[in-house]
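>
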């Protein structure tokens, strides 16, 4: 089976940097995705790490270490609009792929 | 219309009612998914369709019945639901080769009374 662990809540100050961690245990590993979900909204895809290392997309970066079964999402220059829940997810396969989502981290950005 | 659309956005139904949720994707994807999201719980995968064929049923009770007439449309038929089925139901789509990158609809907020 698959399990993913994330901190339930994180608070950070506007303009600062915050790191949201995700540790996973999976039978078969293909990569790590990150999604953002605002209250009342739908999840939106942010990034995918298929290989170890850092992927940067604007203010957001995502990192993966397969040897440590660990990844993180890094948000820089935090803005109030970044207040949302962030989910890590791993694709699993049994023929066709599907995805298992983590429990989510609620980020609150404060002035 | 662009992206993934869902109707209705809100639904209140009694336990003896029958209703259907509709999802449509305009992204040319060939995989579609139904998820249930309850308060303070992770997204729960319910069903997966690839090229109109159901490839995953995550032990979902039979009172939920999916239908996928083509790669662009997905339905979730509901009957004799329970109050604990009240949740946000999300539809998503992706390339069947890239399930890691899913695009979600806005969801249907379902309340069972």
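Residue numbers (our numbering), protein chains in the order written: chain A, 192 to 302; chain B, -1 to 111.
A virtual CB, placed ideally from N, CA and C, is assigned to each residue, including glycine.
Which bits of chain B does residue 289/A rub up against, with CB to CB less than 7 Å?
The contacting residues are 43, 46, 54, 97.
> Residue 104/B by DSSP, collapsed to three states: which one?
Residue 104/B falls in the coil class under three-state DSSP.
> In whole angstroms, what is the alpha-carbon distance linking residue 266/A and residue 15/B?
If I take the Cα positions, the gap works out to 45 Å.
> Rounded to whole angstroms, what is the Cα-Cα separation between residue 57/B and residue 45/B?
Whole-angstrom Cα-Cα distance: 9 Å.
> Would you call the segment 7 to 25 of chain B and the segment 202 to 221 of chain A in contact, with 3 or more CB pairs under 8 Å?
Touching, no, given that fewer than three Cβ pairs across the two stretches are closer than 8 Å.
> Report yes or no: do three or more beta-carbon pairs, one from the segment 76 to 92 of chain B and one from the segment 14 to 28 of chain B, lie closer than 8 Å?
The segment 76 to 92 of chain B is in contact with the segment 14 to 28 of chain B.
> Do residue 260/A and residue 239/A have their beta-carbon atoms positioned less than 7 Å apart in this structure?
No, Cβ-Cβ distance for residue 239/A and residue 260/A is not below 7 Å.
> For residue 38/B, name the three-state secondary structure that DSSP assigns.
Correct three-state label for residue 38/B: coil.
> If you draw a straight line from the C-alpha of residue 55/B to the C-alpha of residue 222/A, how long is it?
Going from the Cα of residue 55/B to the Cα of residue 222/A covers about 23 Å.
> Residue 203/A CB to nearest chain B CB: under 7 Å?
No, because no Cβ of chain B sits closer than 7 Å to the Cβ of residue 203/A.
> Is residue 222/A close to chain B, meaning its C-beta is less than 7 Å from at least one C-beta of that chain?
Yes, its Cβ sits closer than 7 Å to a Cβ of chain B.
> Would you mind stating whether residue 93/B and residue 27/B have Cβ atoms separated by less than 7 Å?
Yes, the Cβ-Cβ distance between residue 93/B and residue 27/B is below 7 Å.
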